Structure formats: C-alpha cells, structure tokens
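For the record, the sequence lines run as chains A and B.
Numbered per the working numbering, the first sequence spans residues 71 to 374.
Numbered per the working numbering, the second sequence spans residues 8 to 285.
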Amino acid sequence: MNETILLTRQLGKRYKKRWAVKNLNLEVYRGDVFGFLGPNGAGKSTTIRMILSLIKPTEGTTEIFGHSLKSHRSEALSRVGGIVEKPDFYQYLSAYKNLEIVGALSGDVKRKRIFEMLDLVGLSDRATDRVKTYSHGMKQRLGIAQALISDPELVILDEPTNGLDPQGMKEVRDLIVHLSRDQKKTIILSSHLLNEIEMVANRMAIIHNGELVVQGDVNTLLDEGEKYVILHAEPLQKVLSVLKRRKMILKNISEKERRFEVIMDFAVIPELNKALVDAGIQVRALIPRRSLEDLFLSMTERTT
Amino acid sequence: MTRLVYYEFIKLFLKKRTYIGFGIVLLIVPLVEVAMKLEGGRFLTIAMRGLSQDFLFFGNLFNGWFVAHQIMNSLWFHIPLLISFVAGDQLAGEATAGTYRLILIRPVSRTRIFIAKYITTLIYTIIFVFFLAGLSIGLALILLGRGDLIVILRGILILPEAEVAWRFMIAYLLATWTMITIASLSFFFSSFVENAIGPIVATMGVLIVFAVISVIPVELFEVPKRFLFTKYLNMWQKMFQDPVPWDEIKTGILFLGTWTLGCVMGAWTVFVRKDILS
C-alpha cells in the first residue's frame, strides 16, 4: 500500500476575483518522483508556495506526513526542503554562510553536512566566495543544496532547471534520479517541460488555469488514449499505398506538407520505416506522439 | 532563539548598509567638534548675545559637555533617519532580495523569525545610540575639556560638573528609548512593503508630519497632539532641566512604550499573515 506523504484537498487561492488555483487535490506517495506539470502561469508556483506555507490558501487544506499545515506547521515542514522559483540568497554572504543560516532555521545542521551538500552540487571549491559572484547555474545548484541541507524526506523543486544550459539540465536530472534512487527521497518536481517530467518522474499531475487536468502514473497516463506517429514522407501516392496495404488508420493528412498522422503502436515504427524505404519512399521523419502530449502541447501553445 | 538572533546579527553586520549610519556619525561628529574647537566658542558667544551684558560668567563654559549636548540635537531628525535606514530594511530587505522564500519555508515559525529580527533591530538601535554617545562625549571632552554645562533653551541653566555625567547617561538612555520607538515604527512599515526605501520615507514622513502638527497652535490639532509620539521625542532634554521633571519622564516612557508596542504588534500581525509573492 502506498503511503501518502502529501495530500491537498480542495486547495485554492483567489486574488480578488481571479482564482490562481482552484479545487486542487494532489496526492504524493512516499518514494515518488512526482512531476507537477503545467504551462507558465498555470498555478504551479502558487501551489508550491501554499504547500511550503509562503501563501495562505483561500480554501482547502494541505497535509504533509499526516500533519495539517495549518495547525501543525512546524511538524509538517520539519522533513521538507524546497526551492521556490529562482534561487535567491544573501548575495553578500558566502555559499557556506547561506547554508549555515538556512541550516540553523531547519534544525541542527552540522558543518560536515554543509560541506557534503556543497560537494554534492559541485560548489565546495567556491564555498567561501560571495554568492553575488556566482553564475545562474551555480545559484541554481546552491538552491538544490539548501533544499537538501536538513536531509529532508520530501524535496520540492520548483522549475529547478530553469535558465540552465543542456548540460546543467542533465546534471540536475541526474541529481534528482540519484536522490530518489539512492537516497530514497520523495521529490515533487514542477516543470513546464513534459519531456523533463517523462525522463525522471514516475507519477505526475497536470495543472492548467489553476485546475487539475489529470493526475496519475506517468507511463499509464502517457499510454492511455491514442498513440500515433507523424510521418513526413513523399511521394504522396506511394505513401498512401503502403499505409493502405498495411491496413493502417490515417488520423490526419496534409498533402501540401507531405505530413501523415498514422494511428499505430510505436513498436511497429521500425517495420513501417522499412516498408516505406523498401517502397522507394523518402522518409524525412517518423515522430511518435501521444494524446497526453497533444493535450499538454496545446495548453502550452495557448499560453506561451 | 539565541541562535536565530545570532544569525540575524550575522546577516545585519555583514551588510554594508549597516555601517552607513556609523560611518556618517564617525565623519560628522569629529568634523563638528573640531570645527567648534577651531571657532573657539564664537558659537556660544552668539547664543548668549545680550545676556553677557547682564550676567558675569566664570569658568570654562565652552567645554566638551556643552558641545556634546549640542550634538544631541541630532536626535531630532538625523539619527532617526539613520536608524530607519536599517530598521526599515529588516523585513522589506528580505522581500527585496527574495530571501523570504529561503527562510520562511523552514519549520521555524514566522513569529520566532519576527522576534529574532526585532531583537536584532533593538540591539542595533542601542549600539548605534551608544556609539553616538561614546564618540560625541568622549571626543568632545578630549578636545575641549571639562567644566559646568551651560544649557541654553528657554533660558540659561548652568549645571555643575558633578551632575553632568549622570544626566548625560540617563539622557542617552531616554534617547535610546525614543529611538526604539522610531525603529519600531520603521520596522512596522517594513512589514508591509517589498523595498526598503518605502519604510524610510514613511518613517521620516510620519516624523515630519507629527512634528509639524505638534507645534502648530491650532485648536483642531489639540486632541490628536496628545497622542503623537513626537510629543516625547525630546524626552532626553528633560534631563537637562533643574529640577528634573521625573513625572513627565515617566509618562513619556510609558507613552513611547505604548507606541512601540503598538508598532511591534502591528508589524507582527502583518508579517505572520503576509503572502510571500516576491
């Protein structure tokens, strides 16, 4: 049986007449890497701020490790670490001093632990430098170090790869996997990138316009519904002939762009590719797509 | 709590802004005192113009105590400004820097963080006023020597040297109490906003408006005047009256204490309920 360590019930935040988050019911289990997905402005950060008690909800409740955030805030947050949006620090202090301050607010954090965290994020050689001399990527890594300083069981990371280069993004993803797999931490990872969530998360929720769209197991959600392949190939008639011979269902076709949307199992892609090539067809692309991706991409396109 | 206060201290005293006030005092006080020494008492002669025809003055009245007493007048406006510079930054500075997001997601309650910050503000205020006292009195006595203190206010009062030291000491304690009220007011404004300029401007604005209302002889202002803290902003001056009006001082202490408490409670109410959007 899964142990629920974070539960929100009908959580909502209203600013004047506008609901930033409404009726949000999230459930995070122990050991989850829980992807919290939504386009910019969907309400992810507002939700995370409510979970970390930076914002008071207009309605609803949050329970962390079975403690109500409203009535037992200290107990609820004692095993939680997090980053909220961009990492900001006391710029005039060193990374070490910043972590020491955060550690003092989180319990009894020893000097050794501070250096371990700096080492984990690759900043131990810059420990005594003032944070104002750090690059954005270094601050982001220091942000992760401060989130982990008290050795929390639940780590909440709000867009931790924002502003990082591809190498930096990969390092953060690897770190998340390490924390989950080797240190058995439960992680909530908010992002507006579906592929990022897909790479590291086992469960996820999608939020849009402040409301929950879907929540569940990543693979199940992605496997649910329609799967199709976008095929860019020519000549048109030859492609249609191959598809017809293989009894494949065409979802959509753009003759002008030589673009076909074919409903099919992804396992058949190599076979289809071979058949097309054997028929003398120029295959420019075969892109597997799932309906959840479509849903998310359409949301992202509408809002960005 | 000691640990929280310790780290608030680290944050405060490793910040350059904290030393601006000390730097200004360190610059202005010696400058004024050296200038007064070079003027050689011309300032006192001008102040006592007319009186020297009717009275005979003996001894060194233009001395260190006299100059130190003059410098205490900076407690009207300049020192409150410098104090609000730091007190106004205590909460708003965290919002500006975005570091609320770093500290308010910890299991420590907002109330404890608030108390630690307020205690730090109080300690800063005390250190700052005593720094002014130590520097202005110490340097003045070195430069201009000792003697009786001549107080020129509504008339002339000459206090014997034996009484001057303890009167100064209590005057500075009362000044500290007054400055704590100013710091608390600034702290209160600091809880509302997300940049540190606002609380400084608001504090000085209130100080100026209250001070103006306090001196305007209009009947409409008579009732509100009784409740303005500026009425007791010069409480320290009462230590240089003879006899010392202890009852007025006691009332002033209670009055300013009430204002301080009101500001702190107000700031706390705002701070613990505040949504952190920065």
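Cβ atoms here follow ideal geometry from the backbone N, Cα and C, with glycine treated the same way.
All values reported here derive from a predicted model rather than from experimental measurement.
query	result
Quick one: does F185(A) have its CB under 8 Å from some CB of chain B?	no
Using beta carbons (cut-off 8 Å, strictly below), is G152(A) in contact with chain B?	yes
Please report the straight-line C-alpha distance between H137(A) and Y166(A), rounded to a whole angstrom.	31 Å
Could you please give the first and the last residue of the uninterrupted beta strand (DSSP E) stretch that includes I333(A)?	R329 to I333
Which residues, in order along the stretch 110–126 of chain B, keep a beta-carbon less than 7 Å from a beta-carbon of chain A?	I110, L111, I112, R113, P114, V115 and S116
Would you mind telling me which residues of chain A sit closer than 7 Å to R10(B), beta carbon to beta carbon, in chain order?	A174
Which runs of the beta strand (DSSP E), 3 residues or longer, sit entirely within the stretch 263–341 of chain A?	273–278, 281–287, 297–304, 319–324 and 329–333
Tell me where the beta strand (DSSP E) around K87(A) begins and ends.	Careful: K87(A) lies outside any beta strand (DSSP E) and carries neither H nor E.
How would you list, in chain order, the residues of chain A whose beta-carbon sits under 9 Å from the beta-carbon of Y26(B)?	Chain A residues near Y26(B): none, gap ~12 Å exceeds 9 Å.
I'd like the list of long-range same chain contacts for T267(B), defined as Cβ closer than 8 Å, with 5 residues on each side in sequence excluded.	I187, T188 and S191
Which value, in whole angstroms, describes the spacing of the CA atoms of V115(B) and R108(B)?	13 Å
Mapping DSSP to helix, strand and coil, what is P37(B)?	helix
Could you give the DSSP three-state label for E133(A): helix, strand or coil?	strand
Does G95(B) get closer than 8 Å to chain A when you measure Cβ to Cβ?	no
Could you tell me which chain B residues have their CB closer than 8 Å to the CB of S148(A), listed as they occur along the chain?	P114
DSSP three-state call for S116(B): helix, strand or coil?	coil
Judging by CA-CA distance, which residue of K44(B), Y125(B), F234(B) and L139(B) is the nearest neighbour of L180(B)?	L139(B)
Determine contact between the stretch 123–131 of chain B and the stretch 213–227 of chain B, defined as no fewer than three beta-carbon pairs at a distance below 8 Å.	no
Kindly indicate if chain A contains any beta-carbon less than 8 Å away from that of F29(B).	no
Are L301(A) and V338(A) close, meaning C-beta to C-beta below 8 Å?	no
I'd like the span of the beta strand (DSSP E) that includes E97(A), first residue to last.	E97 to Y99
Taking the C-alpha atoms as reference points, what is the distance between T373(A) and L11(B)?	Caution applies to T373(A), whose pLDDT of 48 falls short of 50 and renders its modelled position unreliable; the value that the coordinates give is listed next. Distance between the alpha carbons of T373(A) and L11(B) is about 43 Å.
Ends of the beta strand (DSSP E) at P109(A)?	Premise fails: P109(A) is in no beta strand (DSSP E) and is neither H nor E.
Could you give the first and the last residue of the continuous beta strand (DSSP E) run that contains T256(A)?	T256 to S261
Going by the beta-carbon positions, is the gap between Y110(B) and I122(B) smaller than 8 Å?	The residue you asked about is not Tyr; residue 110(B) is Ile in the sequence shown. No, these two residues do not count as a Cβ contact at 8 Å.
To the nearest whole angstrom, what separates the beta carbons of F106(A) and A275(A), a pair I think is in contact under 8 Å?	6 Å
Within its chain, find whatever has a CB closer than 7 Å to the CB of L245(A); leave out the 5 residues flanking it on each side and keep chain order.	I214
State the DSSP-derived secondary structure class of S164(A), mapped to helix, strand or coil.	strand
Tell whether a beta-carbon distance below 8 Å holds between Q97(B) and S197(B).	yes
At which residues does the alpha helix (DSSP H) containing V242(A) begin and terminate?	P236 to R251
R233(B) touches chain A at which residues, Cβ-Cβ below 8 Å?	In chain order: nothing, as chain A lies at least about 38 Å away.
Can you tell me the Cα-Cα spacing of T103(B) and D199(A), whole angstroms?	22 Å
Please state whether the Cβ-Cβ distance between V225(A) and L249(A) is less than 8 Å.	yes
Check whether the Cβ of L148(B) lies closer than 8 Å to any Cβ atom in chain A.	no
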